Structures are given as C-alpha cells and as structure tokens.
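Here's the structure, in structure tokens; my notes come after.
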Ligand SMILES: Nc1ncnc2c1ncn2[C@@H]1O[C@H](COP(=O)(O)OP(=O)(O)OP(=O)(O)O)[C@@H](O)[C@H]1O
Ligand SMILES: [Mg+2]
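Residue numbers (the numbering used here): 61 to 530.
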C-alpha cells in the first residue's frame, strides 16, 4: 500500500518542521509550505490525503485554501489550525468541509497527532470501500456456476479471458466438480454461443460406437451400419463439442481426433473422402491425463493439442466457502421442484456440511440436499435430515451434550447404557467415515473382531451403504 500524503501549510517554519517529524514517525509522505500559494502549487502537482492549514496565512487565507482544496478534490481532508479561534470561524470552517480544527499553541503534542491519524483513518476507510465497490468482478453465480470462493473467481476470470478464443480447452478436476457446467459457460461466453453445444460422454460408448457417434459412418461400413449417419462433429459444425471423460478414448479415436484438431477435417467410418468441419473442442477428464501420457496410453501430441487452454477445477473440500451458497442453491432448486416450502438450513446441519470431505464434490452435495428435501418434515433442514455419513463430530457432540442433561433423569444403569450407545455410534461413524465404509479396515483400526464390529453397527442402526465412495 502506498504511504498516505500529508501537506502542512503554515507561515511559521517551526510548525512545518514539527509536522514533518510527525510524518516521519508515522510513515506519511510529507510536503511543507509556508504560504497558501506555495501550498496550492503542491496540491496542483501531487495527490494530498490530509492537509493541515493555518487559518492566518498571508495573501491567500486558510479559509480560502480550504475552499479551493474542497472545490478541486473533495477527498482531501483539511485540518485547520489557528491561534485565535472563534466559534463563528470554527462553524464556518466545518461548513466549508474542514475535517477538524486544532488550537495553537498545542496543549498536548498528542492532539494534532490524534487528529491527523483520525483523518488518515477516514481516508483509508474510503479507499477500502472504493476497492470493494470496484471489485464488481466478484461473482457468485456465473452462468449457473455457483461459487464465491477465490478459486472459483479465478475460474470465472479465466473463462472471461478466453471468451474470444477458438482454441481447445482441457478441463481437469475430480468427478462432480462442475466440469460440464464450466464447458457450457465457455461455450456461452464465446462467439459460438448461438450455435450447437454438443456433449458426448466418451466412456459411455464402445470404441466403434464412439467413433461412429463422433465422425459418422457410411452405410455398410460395419454390421449395424444400415444407413449413412452424420457424426457429431458434422452436426456441431460452427459450434462446440464437449468430450467428457476424454481419458477413456481408444488409440484409433485419438488419431482421428488429433486430425480434427490439427487440420479441421475428418473421415466418417467407411468414407473415402474427408470432410471439413469447424468445431471448437472442449474436453474434460477426472483422470490423471499427465500420467496416462507418461504411461503411453494417451497420445502426447493429442494432449498438447487439447491442452492449449488448461483449466483445473478445485475439489469442493478445498473451497468450503462455497458450501453454504451451493447448499442453499440446491435447497431452493429441489424444494421448488418438489413443491415444498423449505427455506432454511439449520446452523448445526450447515456445520456438518462444511466439515464433511465431499469426495463426490458438488454432485454429492446436490444429492445430499435433494435427499434432505425429500425427508425434511418442516421448513428447516436440520442435521437429522442428513445421511449419517455426513454427521461428523459436531452433531454428535452437541447432540450428546444436550442429552447429558437428560441422562440425570435416568437410573445409573439406563444412563450408562444410553451414553455407551451414543459413544458407540459416534466412534463407529468416525471410523466408517475414515475408511469409506470398509468394515474390515474399520474393525482392524478399532482393534476389534469383524463380526463384533458388525454387531455394533447393527445395534447403532448405521447404514453402511452411505459411506460408499462416490
Ligand atoms: N459450481 C456449481 N454450481 C452449481 N451446480 C454445480 C456446480 N458444480 C457442479 N454442479 C452440479 O453438480 C453436478 C455435477 O456437475 P458436472 O456434471 O458439471 O460435474 P463433472 O465435473 O462434469 O463430473 P464428472 O467428472 O463426474 O463428469 C451437476 O448437476 C451440476 O449442475
Ligand atoms: Mg461430467
């Protein structure tokens, strides 16, 4: 941050010197002037944050200097000093916009210091407000992508920056991080936004089917090819093709795709002639494509062709700030879809959502909220509406603390039973969460026999399937 600027105008050089020392001590940059004219010259040349002006100056008076400063730059704060203050002059100065008024001689050396600091604080505050106001690039909903975290702001900025580009984009990120949504946003911000956006999941089709889907085929080129068929690259001409799970494509499809990217042409299966196509390719994968290249299962030349613009979507657990926004977004989406009037998520439920690891990322959160909306009996989602795998430490600690008060109403034996039950549940949930529901591993960690461990799971009414990894 730049140092703040202090200007002192006083015909007494010892006063100017006095303020110069203060400026040095507090790290302000300093300019001194012994007349109003000289002071105005300084003001015309540089930005001044705070001006300390003697009221009784020769030629141009302090009041005139104040008026000129305020008419030129309202943001400069002016502190007036005078030997003979009258109530009228003080009132007039404040009306003209002076920040404060100090009497000479100074009764305490602290007085002018405090006054200057207060004015500097005001300047600082204004600067911060202005910074916030100009940060209008902060977005929470970017073409349907919800996220306020700094990591998502970076994603939005990158999409903005490439909006005029036609280059291929490779989006990497764990499953459920929103790669398809981002691909769609890239298409919507591009000049191709009015043309088709075609999505194909490369892992969902066999090699021949995928090849035929992408590039088309001629009648009779293989057993099921009963007529000519246009490929998606032709259908999407002038538009964008989003190739999801690109890490799964076979070597022969890799070669054909490379040709589309390099030369803008392709040959349908069984055709003699190639066809020119104009498509923008966006590809995505949750696989480690670098590793696939190293292992030789993914062509290096294709990787570089696709990765002209590389993008990485951070996992949800690394952007916990986004969880409340996303949870409320899904709450509104599903409650309106299911015609339910659910308007809030309780504090402890939100705490559990924020503490959970979300290995399935936003998709898993979306599913959890959808389930909660189905189960929720009233207008607030509480921790009880969440699956037990989500209910980490927080819920059970607060829950058992609430119950402790009730324990005293029970006999010792009953209370012990109940407390043990709570402990068991809490302990087992923690282990299952750590091991993704692997009973053998969890029982080994607990130092228990597997069948005894399973008995406790049953007794605690825990649904083991909820711990399955997405
Ligand atoms: N930031 C987000 N804002 C709103 N919804 C989101 C966001 N990220 C993901 N989603 C939702 O989560 C679900 C999964 O998103 P998407 O299909 O884009 O993920 P993906 O990264 O492509 O996953 P996969 O690797 O499994 O294909 C979708 O329903 C999507 O709408
Ligand atoms: Mg996807």
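Here a beta-carbon is modelled for each residue, glycine too, at the ideal position from N, C-alpha and C.
Being a predicted model, the structure only gives us computed values, none of them experimental.
Nearest by alpha-carbon distance to residue 104: which of 77, 133 and 112 is it?
Nearest option by C-alpha distance: 133.
Residue 235: beta carbon under 7 Å from a heavy atom of ligand 1?
Yes, the beta carbon of residue 235 sits closer than 7 Å to at least one heavy atom of ligand 1.
Please identify the residue among 394, 66, 274 and 80 whose C-alpha is closest to the C-alpha of residue 433.
It is 394.
Leaving out five residues before and five after residue 440 in sequence, what residues of the same chain have Cβ atoms less than 6 Å from its Cβ?
So the qualifying residues of the chain are 404 and 406.
Check whether the Cβ atoms of residue 415 and residue 208 lie closer than 8 Å to each other.
No, these two residues do not count as a Cβ contact at 8 Å.
Can you give me the Cβ contacts of residue 314 inside the same chain, cut-off strictly under 6 Å, excluding the 5 residues immediately before and after it?
359 and 362.
Between the stretch 69-88 and the stretch 164-180, are three or more C-beta pairs nearer than 8 Å?
Short answer: they touch.
Can you list, in chain order, the residues of its chain with a C-beta nearer than 8 Å to that of residue 91? Leave out the 5 residues immediately preceding and following it.
Once the five neighbours on either side are set aside, the close Cβ partners of residue 91 are 65, 66, 67, 68, 102, 106 and 108.
Going residue by residue through the stretch 119-201, where are the continuous beta strand (DSSP E) segments of at least 3 residues, counting only ones entirely within it?
As far as the stretch 119-201 is concerned, its whole beta strand (DSSP E) runs of at least 3 residues are 137-142 and 160-163.
Check the DSSP bridge columns for residue 373 and list the partner residues they point to.
233, per the DSSP bridge assignment.
Between the Cα of residue 543 and the Cα atoms of 475, 265 and 411, which residue gives the shortest distance?
The displayed coordinates of the chain run from 61 to 530. Any statement about residue 543 would go beyond what the structure contains.
Quick one: using the 10 Å Cβ neighbour count with 16 as the cut-off for buried, is residue 236 buried or exposed?
Under this definition residue 236 is a buried residue.
Name the residue from 346, 227, 369 and 467 whose alpha carbon lies nearest to the alpha carbon of residue 321.
The shortest Cα separation from residue 321 among 346, 227, 369 and 467 belongs to 227.
Near residue 388, which residues of its chain fall below 8 Å by C-beta distance, leaving aside the five closest residues on each side in sequence?
Closer than 8 Å at the Cβ level, and outside the excluded window around residue 388, lie 405.
Relative to the C-alpha of residue 218, which residue among 191, 249, 188 and 190 is closest?
Nearest option by C-alpha distance: 249.
Could you spell out where the alpha helix (DSSP H) holding residue 221 opens and where it closes?
Counting along the chain, the alpha helix (DSSP H) containing residue 221 begins and ends at 210-221.
Could you check the C-alpha separation between residue 430 and residue 496 for me, to the nearest Å?
Going by the C-alpha atoms only, they are around 21 Å apart.
If I measure Cβ to Cβ from residue 72 and keep anything under 6 Å in the same chain, skipping five residues before and after, which residues do I get?
If we look at residue 72 and ignore the five residues flanking it on each side, it has no Cβ neighbours.
Roughly how many angstroms separate the alpha carbons of residue 488 and residue 517, rounded to a whole number?
Rounded to whole angstroms, residue 488 to residue 517 spans 7 Å at the Cα level.
Return the Cβ separation of residue 344 and residue 378 in integer angstroms, given the expectation that the two are a contact with Cβ distance under 8 Å.
Between residue 378 and residue 344 the Cβ distance is about 18 Å, and since that is not below 8 Å, they are no contact.
In three-state DSSP terms, what is residue 296?
Correct three-state label for residue 296: coil.
Taking only the alpha-carbon atoms, compute the straight-line gap between residue 143 and residue 137 and give it to the nearest angstrom.
Their Cα atoms are separated by approximately 20 Å.
Taking all protein chains shown into account, decide if residue 191 is buried (16 or more other Cβ within 10 angstroms of its Cβ) or exposed.
Flag for residue 191 reads exposed.
With distance defined between alpha-carbon atoms, name the residue in 306, 400 and 328 nearest to residue 367.
Measuring from the Cα of residue 367, the nearest candidate turns out to be 306.
Do residue 335 and residue 301 come within 8 Å of each other at the CB atom, strictly closer than that value?
Going by C-beta atoms, residue 301 is not nearer than 8 Å to residue 335.
Could you compute how far the alpha carbon of residue 203 sits from the alpha carbon of residue 245?
Residue 203 and residue 245: Cα-Cα distance of roughly 6 Å.
Note down, in chain order, each residue of its chain lying with its Cβ closer than 6 Å to the Cβ of residue 277, except the 5 sequence neighbours on either side.
Only 285, 289, 328, 329 and 330 meet the Cβ criterion.
Report buried or exposed for residue 356, applying the criterion of at least 16 other Cβ atoms within 10 angstroms of its Cβ.
Exposed, by the Cβ-count rule.
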